[in-house]
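Visitor:
Residue numbers (the numbering used here), protein chains in the order written: chain H, 858 to 978; chain D, 24 to 382; chain Y, 43 to 678; chain X, 213 to 327; chain R, 68 to 213; chain P, 7 to 292.
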């Protein structure tokens with residue numbers, strides 16, 4: 858017969874105080890490898906379309922003519938495959954995840970002369 | 024008897040994390056008949072081999088199930104490697120084993136929490152999941168994902184774990200070990216918990232074998248069935264013995280799983296000691312041609328992968344026989360004659376992974 | 043005096059008339075008129091004698107005695123013959139012993155005994171007469187409508203409506219006689235007639251089961267009669283008296299306790315207490331009006347009536363203790379067993395047993411408080427239970443079943459009936475209603491008299507009572523949306539008595555302070571030669587009446603007052619698989635299944651078989667202990 | 213990784229073979245179907261970690277007997293194959309009549325005209 | 068004052084997800100993330116819920132189920148699609164049995180991306196949903212003329 | 007003055023009940039290592055529910071919860087104003103039965119199973135509650151709370167056994183694990199939300215407020231056991247009420263939910279033994 862064997866743990870917790878991470882006030886540290894979202898150094902991109910071909914979900918679209926690289930954030934599964942196959946290693950995984958949105962988000966990066974601006978369409 | 028109550032149970036139901044449906048026929052609260060209905064998670068992902076090439080399919084395989092994601096990826100990779108006759112580096116094998124065992128731990132602790140929740144022990148659920156977060160942290164640190172790792176690749180693994188991280192993991196595991204021991208006291212000794220698990224859903228050894236049960240379900244009934252003994256990945260170099268219990272009730276299954284968690288801790292420690300330096304991946308060229316059956320041991324039991332390649336990028340057939348699929352008949356057997364309050368416990372007792380089952 | 047003779051004799055005349063007239067509608071009319079007249083006479087008698095009471099002896103006592111003796115002989119002959127005919131020798135044996143015994147006593151021993159008051163009409167009698175007269179006449183009217191339907195649906199039973207009705211009237215007469223008689227031989231004669239009526243009514247359908255049950259009832263009641271007869275002879279020979287009132291005023295000595303014990307056994311059989319209860323359960327095969335009248339409202343009350351009369355002799359004596367415990371066992375066991383039943387009449391039967399047990403406890407404890415509770419229980423139980431019985435009869439008529447599980451459609455079929463049914467059930471156990479008030483006082487009485495075990499039994503029994511009534515109520519309010527049932531007509535002959543009954547239930551609850559003040563307190567004061575007090579504080583009574591008034595808004599739930607309210611209606615929750623009609627869900631194997639919702643019966647805990655065995659053993663043990671104690675008492 | 217045992221048999225030998233294996237104490241591991249040049253069914257059995265596969269090749273519309281009376285739990289595999297591939301498996305112990313998964317497309321894995 | 072912001076109750080339904088997002092939704096309830104801080108309770112009953120969290124790409128059998136659950140929720144209510152499968156179908160978009168994205172079946176208010184969606188992202192998503200919830204409750208007030 | 011004070015008590019009852027529920031939630035969370043909601047969370051919940059749409063499955067089932075609340079208030083009022091304890095218990099039982107009937111009226115599978123379980127629970131705890139009242143009467147010769155708490159010796163001295171039994175029963179009444187069979191505050195249960203499954207919006211708010219009254223009611227029962235005519239004892243009694251409540255929270259968090267068989271038998275056995283033993287001893291000394 859062992860009754861209330863949980864109470865030891867309960868009181869330990871009670872006196873220890875909450876283990877809760879006070880998100881969003883305080884964020885939990887992310888790790889170096891944390892997979893958030895795909896970022897691109899658009900300047901280095903050569904628009905080879907390798908990432909587009911290998912992406913399992915077809916989230917990435919590359920338009921060589923318009924020198925634009927775009928990604929459907931709501932389709933990306935953060936598998937990291939594109940960064941592996943990228944011949945120029947201009948794709949990389951950022952720690953910050955895509956924040957929730959009210960509609961579909963397509964992030965487009967255009968390689969212009971000296972300027973790069975992410976714009977939403 | 025005319026006094027039969029017929030109620031639907033699921034697909035949406037607070038005790039069911041995943042949709043499955045049962046038509047329950049009750050007398051008072053005793054279950055007279057339980058007829059299952061599945062298909063709420065069937066996606067048809069085996070058909071995807073025709074659209075994704077065998078390399079991309081690794082990511083599909085990982086998403087067969089989010090809990091044993093790594094093992095699915097590993098099983099798939101092993102099958103393709105066998106077809107293509109690729110020998111992967113030793114270090115990759117050890118890394119796979121470490122991740123696999125961590126996955127097993129995370130899965131079992133998760134299961135413990137859900138079990139506690141099923142018998143209305145909320146604080147125990149919270150405590151289990153609190154411990155589990157430490158393992159998820161290891162995952163995030165080593166692979167970048169909390170749930171889905173995307174580290175397994177045909178020909179090896181994508182990411183290495185440094186020696187100091189390995190030591191850190193051992194440190195965390197020691198802490199987990201300590202906290203788990205406290206929890207084990209409650210799961211295995213507390214009277215109120217025992218009253219809900221002991222003698223509930225008894226499955227005899229013969230029944231377990233006849234119904235084709237696998238994993239902890241079979242082990243708790245005394246059927247020795249642990250694919251790790253076949254020595255895939257690095258298991259051949261580790262010392263362990265399958266954990267068996269004979270009672271065949273929910274309590275025995277809880278015990279088997281808890282013991283497996285501690286066994287996993289031990290296996291990981293062995294791996295950390297034995298892991299050799301070296302490459303983590305070999306380059307894969309060509310396309311698979313041929314067929315192969317792979318059996319590996321997931322947290323829920325034996326899983327069978329079958330792949331058939333035809334020399335092109337796309338496989339002809341890829342099939343997974345998951346443990347839950349094999350355990351469903353055993354579940355239906357145990358449901359007969361239990362009481363309504365036991366239904367969630369019994370459903371959990373096979374540690375159901377419906378998304379595995381239906382793919 | 044004449045009024046009382048009329049009261050006893052009029053139902054006999056009505057019975058004869060009903061028996062003779064063959065034409066259906068003419069007979070129905072006679073029944074209605076006679077019933078109304080019976081009620082009117084009842085009220086007149088009570089009005090005349092309530093204040094002062096009356097006690098007298100008929101001038102031609104001798105003649106009456108001879109007539110009674112002749113009739114007794116005839117009845118005995120009849121019982122012996124049918125007993126032999128149907129190979130139920132036990133009834134023949136019982137009858138063959140007791141009637142000669144009584145006749146022998148009558149003709150050889152009785153000469154030197156003079157009876158002062160053959161008839162006594164006091165406050166208790168008034169209450170009993172009122173119950174019998176009012177409830178009885180209502181049920182007679184009800185049975186007109188009921189029997190029509192009964193034979194319409196059970197074509198295989200022989201139609202003997204005139205027979206049925208005439209026995210009902212005959213029974214009323216016997217019952218009046220029973221409660222009015224002070225002369226024990228007369229009381230015994232009426233007692234035997236009620237037994238006979240009950241036997242005849244249970245066997246009404248002439249089916250095999252009916253026959254079996256009727257003989258069981260006869261055998262057990264004759265057994266009780268035998269005890270009664272022995273008691274009379276014992277009293278007559280030892281104390282040279284024939285009067286109940288004289289017996290009561292004696293001191294509870296060992297010698298007195300022997301006839302008291304025998305009379306108590308007779309009362310226990312009549313009230314179907316354990317271990318004699320099986321006959322009442324079997325009696326449920328009889329048509330519902332007879333169940334309502336004989337087997338819940340009046341005849342079984344004869345037993346507890348006798349115990350209430352004997353109360354001053356019970357109290358602290360060993361016999362009193364034994365009777366109390368037998369009542370306790372019956373109350374608890376039957377309350378528990380009722381949980382496992384789904385047949386409405388069976389539930390009512392078990393509940394009747396339990397409540398009779400409670401009355402027996404209260405009466406046998408014999409303090410002022412407990413008698414107060416006992417008499418109130420008799421009143422409330424009579425009106426509520428007969429309402430429930432006749433409601434069940436009509437429900438059976440409306441939905442074609444008397445299984446509680448089928449009553450979930452009643453709300454759609456007949457709102458009126460479900461409302462009356464709810465009133466009846468509420469009357470049986472809910473807070474401000476009569477039964478609960480009495481239970482409360484009973485509880486207080488038990489504590490005051492230091493009966494710890496009985497208090498605990500009461501606590502458990504009440505909890506069980508609450509369970510089975512509430513689940514029945516639940517069925518009544520559950521809104522099953524079966525729309526395709528056909529509505530039956532609700533005959534006036536059924537509706538009027540039910541309505542009056544329902545009003546009576548509520549009125550009795552509102553009126554209990556009055557009953558207490560004008561009938562119970564004077565009676566108890568007279569009986570105990572000490573001032574009796576109402577056991578509940580005035581403030582509590584007030585609060586309770588407020589509660590009752592609050593409950594009267596309950597019927598509002600039956601009226602769709604929210605029609606104007608524009609709330610969105612959504613399908614009920616069925617885990618996402620409701621087909622939309624709130625009745626079916628998409629089940630496994632591609633079929634659409636109907637949701638079925640049934641109550642709990644908990645066979646493994648409250649199964650009748652096991653409980654009956656144990657409780658019978660205990661009560662038999664108690665009675666044996668009683669005998670031993672008595673013998674010991676005499677020896678000492 | 214060694215070579216695996218795949219034993220090709222004809223469809224009418226199936227029951228006899230399965231019965232034989234059952235008596236030998238084999239456990240049914242899986243039933244797999246591949247649709248390529250007709251239907252290719254593999255029945256995988258296991259005893260002491262030894263995997264044994266029975267291979268049957270049948271035409272697209274050929275019948276095949278159910279083994280669910282030998283291995284009751286085979287009904288799940290067989291129902292699945294019946295629903296996804298459209299293989300005519302006769303006399304399944306618990307036949308869901310193609311409503312195991314309730315999919316909107318009929319027999320998605322069946323490739324017509326590959327025969 | 069709109070109290071709905073202070074006590075949003077959620078209903079979680081798994082419309083054919085791989086479990087990854089489900090366990091992350093559950094993880095939100097556990098000590099480390101503890102969404103009860105915001106008054107969030109996982110009710111498991113549509114009639115009590117304010118926010119419907121759907122994970123997974125919704126397959127054929129689930130369509131009537133999620134529709135019914137949505138219908139059974141009391142106004143004001145919002146739907147949040149958790150995870151890539153629920154937002155777009157993700158890697159399973161091409162499967163024969165999935166509709167691909169909850170928005171094909173229900174009006175989705177908030178999309179929470181991630182494979183699997185991280186607990187932080189889910190909390191963010193719920194917080195965003197609260198804003199919509201408040202707006203909807205204002206609209207509902209206007210309609211009834213209160 | 008007295009009447010005003012009584013009215014004040016009755017108004018304060020739900021507020022205190024709500025606060026206690028809030029404290030309960032915070033402490034529970036802390037015991038589980040969580041931060042937990044704000045203390046006022048129960049009030050937020052109820053306010054939200056009032057502002058929400060109320061949907062229904064048929065026109066009858068919501069009626070019962072309102073009556074249930076009326077009787078809960080009624081019972082609490084009787085108790086707090088020093089009225090007859092037995093009458094208060096009866097009134098509360100009446101309220102509970104209406105609540106059960108509400109579950110039946112919705113005719114929904116889980117509501118009805120919840121109702122059955124609730125009835126079973128009522129059957130399980132009712133004997134103990136009655137015996138507690140009996141014990142109080144036995145000890146102080148009065149059913150009136152105002153007389154019981156004006157004695158010089160606290161009732162607990164005579165009735166330790168019954169008090170332990172009562173604390174056991176409180177677990178049912180407060181809907182705490184291990185006896186939260188019919189309707190649990192934690193969502194994950196095999197019968198969904200039991201009786202409340204079909205209620206939403208305002209009706210659900212009413213159920214919640216009813217529960218607050220029940221909390222106060224049950225704690226008042228505890229109070230009655232300790233209070234005497236000495237003012238200090240009143241304070242002690244209130245402190246003990248708090249401790250009992252804390253104990254219930256710990257019990258809630260340290261037990262698995264039991265099955266109805268275990269709940270029922272344990273309740274009846276404990277009631278039987280403690281009741282008989284305590285009352286027997288008491289009757290011996292009286």
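Beta carbons are placed, not taken as given, at the ideal position from N, Cα and C, and that holds for glycine.
Can you find the residues in the same chain that come closer than 7 Å, C-beta to C-beta, to residue 151 of chain P, ignoring five residues on each side of it along the sequence?
Guide: Here residue 151 of chain P refers to the residue found at position 145 when the sixth chain is read from its first residue. 85, 88, 89, 91 and 230, listed in sequence order.
Visitor: Where does residue 642 of chain Y fall in DSSP's three states?
Guide: On the third chain, residue 642 of chain Y is found 600 positions in, with the first residue counted as 1. It is coil, neither helix nor strand.
Visitor: Would DSSP call residue 145 of chain R helix, strand or coil?
Guide: Taking the fifth chain and counting its residues from 1, one reaches residue 145 of chain R at position 78. DSSP places residue 145 of chain R in strand when its eight states are reduced to three.
Visitor: Mind checking which residues open and close the alpha helix (DSSP H) that includes residue 92 of chain R?
Guide: Along the fifth chain, one-based indexing puts residue 92 of chain R at 25. Element bounds for residue 92 of chain R: 87–96.
Visitor: With contact counted as at least three CB pairs below 8 Å, one residue from each stretch, are the stretch 97–109 of chain P and the stretch 249–261 of chain P in contact?
Guide: Result no; under three Cβ-Cβ pairs closer than 8 Å.
Visitor: Applying a beta-carbon distance threshold of less than 8 Å, which residues of chain Y neighbour residue 286 of chain P?
Guide: For the purposes of this step, residue 286 of chain P is taken as residue 280 along the sixth chain, with counting starting at 1. Result: 494.
Visitor: With contact counted as at least three CB pairs below 8 Å, one residue from each stretch, are the stretch 180–188 of chain D and the stretch 118–125 of chain D in contact?
Guide: Because the criterion of three Cβ pairs below 8 Å is met, the stretch 180–188 of chain D and the stretch 118–125 of chain D touch.
Visitor: Does residue 143 of chain R have its Cβ less than 8 Å from a Cβ in chain H?
Guide: In the fifth chain, counting from the first residue as 1, residue 143 of chain R sits at position 76. Not an interface residue.
Visitor: DSSP puts residue 126 of chain R in a beta bridge; with which residues?
Guide: The sequence position of residue 126 of chain R within the fifth chain is 59, counting from 1. In DSSP, residue 126 of chain R forms a bridge with R/165.
Visitor: On the DSSP bridge list, what partners appear for residue 79 of chain R?
Guide: Here residue 79 of chain R refers to the residue found at position 12 of the fifth chain. DSSP lists R/120 as partners of residue 79 of chain R.
Visitor: Kindly list, in the order they appear in chain Y, the residues whose Cβ is closer than 8 Å to that of residue 58 of chain D.
Guide: Locating residue 58 of chain D in the second chain gives position 35, counting from the first residue. Here the neighbours are 629, 630 and 631.
Visitor: Does the Cβ of residue 171 of chain D have 16 or more other Cβ atoms within 10 Å, making it buried, or fewer, making it exposed?
Guide: Position 148 of the second chain holds residue 171 of chain D. It is buried - the Cβ of residue 171 of chain D has at least 16 other Cβ atoms within 10 Å.
Visitor: Under 7 Å between beta-carbons, which chain Y residues line up against residue 223 of chain X? List them in chain order, please.
Guide: For the purposes of this step, residue 223 of chain X is identified with residue 11 of the fourth chain, where counting begins at 1. None at all; the shortest Cβ gap to chain Y is about 27 Å.
Visitor: Quick one: is residue 656 of chain Y buried, meaning 16 or more other Cβ sit within 10 Å of its Cβ, or exposed?
Guide: The residue labelled residue 656 of chain Y in the question sits at position 614 within the third chain. Exposed is the call here.
Visitor: For a test of the three-state rule: what should DSSP assign to residue 150 of chain D, helix, strand or coil?
Guide: Numbered from its first residue, the second chain carries residue 150 of chain D at position 127. Looking at residue 150 of chain D - three-state DSSP - the assignment turns out to be helix.
Visitor: Quick check on this structure: which residue in R/151, R/184, R/152 and R/142 has the alpha carbon closest to the alpha carbon of residue 205 of chain R?
Guide: Against the fifth chain, residue 205 of chain R aligns to sequence position 138. When only C-alpha atoms are compared, the closest one is R/142.
Visitor: Tell me, to the nearest whole angstrom, how far the beta carbon of residue 147 of chain D is from that of residue 141 of chain D; I am working on the premise that it is less than 8 Å.
Guide: Position 124 of the second chain holds residue 147 of chain D. Position 118 of the second chain holds residue 141 of chain D. Their Cβ separation, rounded to whole angstroms, is 11 Å, which puts residue 147 of chain D and residue 141 of chain D out of contact at 8 Å.
Visitor: Could you tell me the alpha carbon to alpha carbon distance between residue 410 of chain Y and residue 350 of chain Y, rounded to whole angstroms?
Guide: Locating residue 410 of chain Y in the third chain gives position 368, where the first residue counts as 1. Locating residue 350 of chain Y in the third chain gives position 308, where the first residue counts as 1. C-alpha separation (whole angstroms): 11 Å.
Visitor: Quick check on this structure: which residue in R/138, R/200, R/161 and R/198 has the alpha carbon closest to the alpha carbon of residue 932 of chain H?
Guide: One-based indexing of the first chain puts residue 932 of chain H at position 75. Nearest of R/138, R/200, R/161 and R/198 to residue 932 of chain H, Cα basis: R/161.
Visitor: Could you tell me whether any Cβ in chain Y is nearer than 8 Å to the Cβ of residue 78 of chain P?
Guide: Within the sixth chain, residue 78 of chain P is the residue found at index 72, counting from 1. It does not; no Cβ of chain Y falls within 8 Å.
Visitor: Whole angstroms are fine: how far does the CA of residue 139 of chain R sit from the CA of residue 44 of chain D?
Guide: Position 21 of the second chain, counted from the first residue, corresponds to residue 44 of chain D. Position 72 of the fifth chain, counted from the first residue, corresponds to residue 139 of chain R. Near 19 Å, if we compare the C-alpha coordinates of residue 139 of chain R and residue 44 of chain D.
Visitor: Answer yes or no: do residue 193 of chain R and residue 57 of chain P have a C-beta to C-beta separation smaller than 8 Å?
Guide: For the purposes of this step, residue 193 of chain R is identified with residue 126 of the fifth chain, where counting begins at 1. For the purposes of this step, residue 57 of chain P is identified with residue 51 of the sixth chain, where counting begins at 1. The answer is no: Cβ separation not under 8 Å.
Visitor: Going by DSSP, what residues sit across from residue 31 of chain D in a beta bridge?
Guide: For the purposes of this step, residue 31 of chain D is taken as the residue at position 8 of the second chain. Per DSSP, D/46.
Visitor: Run the CB neighbour count on residue 250 of chain D, radius 10 Å, all protein chains shown included, and call it buried at 16 or more, exposed below.
Guide: By 1-based counting over the second chain, the position of residue 250 of chain D is 227. Buried, since its Cβ has 16 or more Cβ neighbours within 10 Å.
Visitor: Along the alpha helix (DSSP H) that carries residue 279 of chain D, what are the first and last residues, could you check?
Guide: Taking the first residue of the second chain as 1, we reach residue 279 of chain D at position 256. It spans 273–297 - the alpha helix (DSSP H) in which residue 279 of chain D sits, taken as one unbroken run.
Visitor: For the beta strand (DSSP E) that residue 966 of chain H lies in, which residues bound it at each end?
Guide: Position 109 of the first chain, counting from 1, holds the residue named residue 966 of chain H. From DSSP, the beta strand (DSSP E) with residue 966 of chain H extends over 963–967.
Visitor: Tell me which residue opens and which closes the alpha helix (DSSP H) that residue 301 of chain Y is part of.
Guide: Counting from 1 along the third chain, the entry for residue 301 of chain Y is found at position 259. It spans 296–312 - the alpha helix (DSSP H) in which residue 301 of chain Y sits, taken as one unbroken run.
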